Structures are given as C-alpha cells and as structure tokens.
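A quick write-up on the structure given underneath.
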DNA sequence: CCGAAATCTGGGAGCGCTCCCAGAACGGGA
DNA sequence: TCCCGTTCTGGGAGCGCTCCCAGATTTCGG
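Okay, structure coming up:
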C-alpha cells in the first residue's frame with residue numbers, strides 16, 4: 001500500500017493518522033491509494049504498538065430480568081453506542097448477572113481488551129466496583145455505585161430533589177396524606193427517592209410514619225404495595241412511586257379499591273418513560289430524567305480520562321424535572 | 001513470563017493454547033507461572049498473527065424506537081452475549097438506525113475487527129444485507145432478511161404455522177368471524193403471520209375479505225386497527241394480532257366498544273412476551289417463540305462457519321407453540 | 001548567498017505473539 | 001545394543017503497524 005502510493009511505510013502511517021510533518025502532496029497520494037485499494041489499517045497491529053484498543057466496555061451489572069425489563073437499559077445501550085461510535089470508539093457490551101460472572105469480567109477488563117469502562121452497578125452489595133478499584137483501568141459509573149462511594153467517577157441523577165419536587169407538587173394541590181412506594185432499598189437511587197419524599201413531608205410538618213411501603217421497581221410490586229398502603233391508611237390522597245412501572249401498578253390497586261385517579265388519589269411516578277408515562281390512563285405525572293444526557297456526560301468524562309487529563313474523581317449530579325400530566 | 005516459568009516462548013504458547021506435544025510437567029509450570037504473575041496474553045499480538053479477533057458483531061438494523069421498545073431485542077442482546085461468551089467470543093454490538101449508518105457499518109465489518117456477524121435486518125428495503133453479500137465475512141441472519149432471500153444463513157421462526165395455530169384455536173372454540181391486525185408488511189415475519197391467518201380461514205372455507213387491518217407491531221396501532229375492524233365488521237368474534245403489544249391495544253379497543261374478552265371477542269397475540277402476555281387482563285393466549293433458541297442456533301451456525309466447515313447456506317425454521325391462557 | 005531552523009522523508013527497531021522447523025529426548029521392538 | 005518413530009523443546013522468522021532517529025530538503029532571516 002505504501003509501495004502503491006510511492007512512499008515509505010512511515011510516511012503512509014503519518015498520512016493516515018494525520019500526524020504533523022507530512023507534505024500535502026504525499027498525504028493526497030496516500031489517501032488516494034488507500035481509497036483505490038480499499039485499504040483499511042490492521043487494528044491488531046496498531047493496538048500492538050500503541051497499546052490502545054479503541055474500544056470501551058459498557059458493563060451492566062444487574063440480574064437478567066431487570067436488564068431485559070427496564071427500558072432504561074435499552075436506552076443506555078443504544079445511547080452509549082451512538083455516543084461512543086461518534087468519537088470513533090467501539091462499544092463492547094458486557095452483562096454481569098451474578099457473582100459468578102465477576103471474575104470472568106474482571107479478567108477480561110484487565111486483559112487489555114479495552115481502554116476503559118462505563119459501569120452500571122447500582123446494588124449495594126455488588127462486588128464488581130470493589131474489584132474494579134484494584135485495576136488501573138479508567139472507569140466511569142452510571143449512577144452512584146452501590147458499594148464504593150468516594151474516589152470514583154460517576155454520573156448520577158438528582159433522585160432526592162426529584163422526589164422532593166414530586167411530593168411538593170402533590171402537596172401544592174392540597175393533598176396531605178401522601179404515601180410512597182419505594183424501589184429496592186439496596187439501590188442508592190431508591191434510597192435517595194425515599195429520602196426526598198421524606199424531606200418534603202417533614203418540610204411541611206407532616207408525619208411520614210406508616211406511609212412508606214417497599215417495592216422492587218416493577219409493576220406487580222407497585223400494585224401489591226399500594227394495596228397494603230390503602231388498607232393501612234385508608235385516608236391517603238396521594239402517592240409517589242419510585243418508578244413509572246410501580247405507579248402503573250399502584251393505579252390498578254387504587255382502582256381496584258374503588259378510588260379514582262386523580263380525584264381521590266394523586267399519583268406521581270419516576271423516570272418519565274416515554275413509552276409508558278404518557279400512554280397511561282390518565283397520563284402519568286412523572287419525574288423526568290434524561291438517560292442520553294447521562295451517557296453523554298459519562299462518555300465525555302471517560303474520554304478525558306483516556307486522553308490522560310487528570311479529572312478529579314467525583315459524582316456529577318444531573319438535574320431532573322417534573323413532567324406534569326393528569327394523574328396528579 | 002516464559003522465562004519465569006523456565007521454558008521457551010514456544011512452549012509457553014503451546015501450553016496456553018493447549019496444543020499437542022506439551023509435556024504435562026511443562027504445561028503445569030507454565031499455567032502456574034501465568035497464575036502467579038496474573039499474566040494474560042496480549043490479544044492484539046495474538047490476532048496479528050492468527051488473523052482472528054475472537055469477536056463477533058451483533059448488528060441490529062432497526063430504527064431506534066423499535067429497538068428500544070421491543071423486549072425481543074433486549075432478549076437478543078442478552079442471549080447473544082451469554083451464548084457468545086460461553087464459547088469465548090466477544091460480542092460487539094452495533095446499531096444501524098438509518099441508511100446513513102450503513103457505510104460506516106460495512107467499513108467496520110470489512111475492517112477485520114470481527115470474525116463474523118449475527119445480523120437482524122428484517123425490513124424489506126434494508127440495504128444492509130445486499131451490502132453484506134459483497135463482503136466475505138461469515139454472516140448469520142436472525143429472521144429471514146427482508147432484502148436478500150437465498151444463499152444466506154438464517155434462523156427464523158415458523159411464523160406462518162404459528163399464525164395458523166392461533167386462528168385454528170379460535171375456530172375450535174366455535175368462532176367464525178376472525179379478524180387480524182398485521183405488523184408492518186415490509187417485514188417478512190408480519191407477511192408470514194398474515195398468510196398463516198389466511199391459510200386457516202380458507203382451510204375452513206371462510207372468507208378473509210375485509211377482516212385484516214395493518215398495524216406496526218406497537219400497542220397504539222393495535223388499538224387503532226381494532227377500532228376500525230369493529231366498525232367495519234361489528235359481528236366479528238375473534239382477532240389474531242401479530243404481536244402481543246398490538247393484542248393489548250386491541251383489547252382496549254374491544255372494551256371501549258363495550259365488548260368483553262373473551263366472551264364476545266377472543267384475542268390471540270404473537271411472541272408470548274413473558275413480561276406482557278401473562279400479566280394482561282385476562283392473561284393473553286399467544287403464540288410462543290423462544291428467542292434464546294434462535295440465538296443458540298445462530299451462534300452454532302456461525303461457529304461452524306468460523307471453524308471452516310462448509311455449511312450449506314439455508315434458513316433454519318424453528319417451531320413455535322401456542323400458549324393457551326384466558327383471552328381465547 | 002549562506003547558514004540555521006523548520007519541514008519532510010525513509011530506514012530500522014520492536015510491540016507480543018504464533019508457527020515452522022530442526023534437533024533433542026524418549027521409548028520400544030528387532 | 002542399535003535404530004527408528006514418536007514426543008517434546010527452543011530458536012528464528014514474521015504478522016502489520018508506529019515511533020524514533022538520522023539525513024535530505026525546503027524556507028527564510030540577515
């Protein structure tokens with residue numbers, strides 16, 4: 001190929017990587033030859049010497065059922081692919097379903113197959129973040145990792161403020177008995193949302209006691225939890241669910257109990273899932289977060305890290321907004 | 001590392017790749033040293049000489065909205081990851097959202113970054129399969145590709161037989177006016193399901209005229225189509241929807257028209273989505289297909305191809321079953 | 001018009017591995 | 001005991017690229 005262009009391998013390499021000190025004439029010749037020959041450089045040979053792979057791992061550490069069910073992860077995968085390929089980086093997707101997957105994953109990540117990783121590992125007891133600390137591989141977390149707190153790069157949403165906003169909105173319509181259905185509490189986001197609900201009630205001088213019920217982010221748990229809440233506190237007039245799916249379940253329970261949404265009970269969800277929240281009946285008021293924005297931040301941070309910039313390890317907190325529809 | 005184990009690089013290499021002609025003593029020494037040193041071979045150097053990357057691309061050629069919405073794709077991604085990593089192959093996920101993505105994708109695939117590809121490209125006009133024919137890269141399709149018919153490896157479901165089974169089931173409960181809501185008809189699966197519906201009606205001497213309405217696989221289109229059908233044929237007593245989501249939409253329309261499921265109108269879906277079909281009210285009778293089985297077949301075929309076996313290019317058709325619940 | 005600085009080019013080394021080949025060690029039958 | 005086939009080992013070449021360095025060429029101020 002260098003021969004075909006009539007230059008040395010060195011010059012060809014420089015032209016292809018647009019280095020400094022290449023005459024425009026040589027560059028043109030090389031690029032022309034490459035086009036004519038349909039030449040594309042051998043990635044393996046290149047990585048061998050540059051010690052860069054041009055690939056980044058996206059690690060989803062959640063049980064299978066969750067990943068398949070939650071459209072958030074579909075958005076994450078797709079968004080990560082788009083953002084990464086826009087910067088010329090290949091995405092390597094990895095799933096970690098159970099503790100047994102951890103060693104294999106670690107081995108792969110330290111095997112020099114990737115330049116860095118974007119990790120979603122929200123559970124408290126997840127061994128992955130701890131294991132990852134020992135590697136010297138640039139890692140950016142999506143959402144505050146459950147197990148490791150400080151000294152890591154993370155991009156999270158302001159779950160607590162979002163929950164506060166939701167509850168304040170319910171309060172602003174005159175409701176005073178506001179319950180919550182939480183997510184799994186070993187999940188920092190769930191804990192933060194619970195805290196935000198509590199913040200707003202206390203701020204208003206109200207007593208949160210007995211008005212919280214644990215769910216697991218999925219619809220069925222929302223229905224179950226809401227049924228329990230209605231039994232325990234028949235006078236409740238509002239509910240904040242830590243996910244849209246649970247809000248949907250809660251609505252079913254409310255109707256089953258012969259109450260109306262929003263007339264008798266106001267309902268607010270979290271996530272503002274585009275395929276779910278607006279399609280509900282009535283359309284769901286929900287705390288809106290933008291996963292694409294999160295991904296963008298994560299990619300940007302990782303790219304700085306890969307470029308060798310010293311970025312102070314920190315958690316970036318992205319703002320959320322309240323999308324008001326008819327359910328509250 | 002070879003030095004540490006006290007053997008030559010050749011012997012170390014042989015031990016690590018468990019080649020023939022290595023004494024068990026040498027092998028033990030090498031493996032022991034590797035463990036002690038936390039050594040893992042440099043993938044780039046290895047690919048450089050073997051001309052194998054140990055990676056396979058999974059290409060999803062569908063518009064973004066579809067990929068994010070359809071749990072089938074989540075299952076595909078996750079299943080493909082599991083099956084591939086079980087055979088020691090890395091998965092590279094690629095999305096092709098629009099025609100503009102095609103050249104970039106082709107360039108990547110022919111750039112020698114992967115050993116083969118598993119492609120999901122169901123649309124009739126999709127330019128990707130045609131472009132892929134020119135590459136000499138082993139490709140296995142998931143579902144019959146829309147544009148290229150023969151001479152390719154594909155693993156499809158028996159959509160036509162599945163639809164036939166569904167309609168026969170409706171017929172067996174005494175229903176005689178059975179409508180269908182189709183998927184996008186540029187999608188071979190949708191066309192096959194429509195054909196199967198027609199097969200069963202004709203087989204029973206019934207006239208399908210006016211009882212079919214086009215949808216797009218999503219819930220909203222099911223509702224819309226069903227409303228139209230009920231208006232056009234108020235006497236209908238059964239409906240076969242080409243997806244579970246459309247079946248859900250159809251149920252809403254049926255209720256909105258003051259009819260009951262299954263008493264007045266029997267409903268059957270397709271896909272038997274685990275998170276949707278059993279959770280519906282009433283639980284949905286649906287044609288069951290197993291995406292994991294499809295993936296397994298695809299991976300197996302691709303592996304044979306990579307091993308250099310000559311596999312006759314052909315479409316494997318996987319059987320489907322009918323899961324009977326309460327909606328019909 | 002000269003010399004030094006800036007710009008450009010090609011040769012050579014080497015990244016870490018696998019594969020080929022020649023030769024050493026081993027084993028068993030004549 | 002010797003010979004031949006089998007099993008095992010190490011050395012060397014080379015995969016295709018980038019990077020370093022030395023030398024060639026151009027540019028430009030004095």
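Chains as they are written, first to last, in the working numbering: chain A, 1 to 328; chain B, 1 to 328.
Glycine residues also receive a C-beta, built at the ideal position from the N, C-alpha and C atoms.
Quick caveat: nothing in here was measured; it's all calculated off a predicted structure.
Exposed or buried, which one is residue 213(B) when buried takes at least 16 other CB atoms within 10 Å?
Residue 213(B) is buried by the Cβ-count criterion.
Where the beta strand (DSSP E) through residue 90(B) begins and ends
90 to 96
Give, in chain order, every unbroken run of the alpha helix (DSSP H) that is at least 4 residues long and sits entirely within the segment 4 to 61 of chain A.
9 to 16, 24 to 37, 43 to 50
Identify whether residue 271(A) lies in helix, strand or coil by the three-state DSSP scheme.
strand
Proximal residues of chain B, C-beta to C-beta of residue 71(A) below 8 Å
68, 69
Closer than 7 Å by C-beta to residue 29(B): which residues in its own chain qualify, once you throw out the five before and the five after it? Chain order, please.
5, 6, 7
Sort 256(A), 239(A), 199(A) by Cα distance to residue 267(A) and report the nearest one.
Of 256(A), 239(A), 199(A), the residue nearest in Cα terms is 239(A).
One question on the structure: do residue 285(B) and residue 324(B) come within less than 8 Å of each other, judged by their Cβ atoms?
yes
Kindly indicate the opening and closing residues of the beta strand (DSSP E) around residue 279(B).
Note, residue 279(B): premise wrong, no beta strand (DSSP E); not H, not E.
Let's see if you can read the secondary structure: which residues bound the alpha helix (DSSP H) around residue 69(A)?
64 to 69
Is there contact between the segment 222 to 234 of chain A and the segment 248 to 267 of chain A, where contact requires at least three CB pairs shorter than 8 Å?
yes
How should residue 159(B) be labelled, buried or exposed, when 16 other C-beta atoms within 10 angstroms of its C-beta is the threshold for buried?
buried
Would you say residue 44(A) reaches chain B, if we count a Cβ-Cβ gap shorter than 8 Å as a contact?
Under the Cβ distance rule, residue 44(A) counts among the residues neighbouring chain B, one pair being separated by less than 8 Å.
Strictly under 8 Å for the Cβ-Cβ distance: is residue 229(B) near chain A by that measure?
no
Beta strand (DSSP E) segment containing residue 156(A), residue limits:
153 to 157
Assuming contact is defined by CB atoms lying nearer than 8 Å, are residue 174(A) and residue 306(A) in contact in what I supplied?
no
Buried versus exposed call for residue 36(B) [16 or more other C-beta atoms within 10 Å across all chains shown]:
Under the 10 Å beta carbon count, residue 36(B) is surrounded by fewer than 16 other beta carbons and is classified as exposed.
Can you tell me whether residue 288(B) is helix, strand or coil according to DSSP?
strand
At a CB-CB cut-off below 7 Å, which residues of chain B make contact with residue 107(A)?
40
Which residue from 184(B), 68(B), 244(B) puts its Cα closest to that of residue 283(B)?
Residue 283(B) has its Cα closest to that of 244(B), out of 184(B), 68(B), 244(B).
Apply the 10 Å Cβ neighbour rule to residue 105(B) and answer buried if 16 or more other Cβ atoms are within range, or exposed otherwise.
Of the other Cβ atoms in all chains shown, 16 or more fall within 10 Å of the Cβ of residue 105(B); this residue is therefore buried.
Against chain A, does residue 81(B) count as a neighbour if the rule is that its beta carbon must be under 8 Å from one of theirs?
yes
CB-CB length for residue 216(A) against residue 184(A), believed under 8 Å:
5 Å
Consider the Cβ of residue 95(A): report whether some Cβ of chain B lies at a distance smaller than 8 Å.
At a cut-off of 8 Å between C-beta atoms, residue 95(A) counts as an interface residue with respect to chain B.
If contacts are defined as beta-carbon pairs under 8 Å, then residue 123(A) and residue 140(A) qualify, I think. What distance do you get, rounded to the angstrom?
Cβ atoms of residue 123(A) and residue 140(A) stay farther apart than 8 Å, at about 18 Å.
Go ahead and pull the three-state DSSP assignment for residue 258(A).
coil
Closer than 9 Å at the beta carbon, the chain A residues around residue 75(B):
68
Below 7 Å CB to CB, which residues in the same chain sit around residue 265(B) once its five sequence neighbours on both sides are set aside?
Non-local C-beta neighbours of residue 265(B) in its own chain, meaning closer than 7 Å and more than five positions away in sequence, comprise 236, 237, 238, 239, 254, 259, ordered along the chain.
Partners in chain B for residue 91(A), counting only beta-carbon separations shorter than 9 Å
For the C-beta of residue 91(A), the chain B residues within less than 9 Å are, from N- to C-terminus, 92, 93, 94.
Report the three-state DSSP secondary structure of residue 204(B) (helix, strand or coil).
coil
Taking 8 Å as the threshold (beta carbon to beta carbon), is residue 112(B) in contact with chain A?
Look at residue 112(B): its C-beta is under 8 Å from a C-beta on chain A.
What residues from the segment 264 to 293 of chain B come within 8 Å of chain A, judged by C-beta to C-beta, listed N to C?
Correct list: 275, 279.
So residue 318(B) is in the beta strand (DSSP E); what residue range does that whole segment cover?
Annotation: the continuous beta strand (DSSP E) that includes residue 318(B) extends over 315 to 318.
Show which residues of chain B have a CB atom less than 8 Å away from the CB atom of residue 78(A).
64, 67, 68, 95
With DSSP collapsed to three states, give me the class of residue 118(A).
strand
Taking all protein chains shown into account, decide if residue 269(B) is buried (16 or more other Cβ within 10 angstroms of its Cβ) or exposed.
buried
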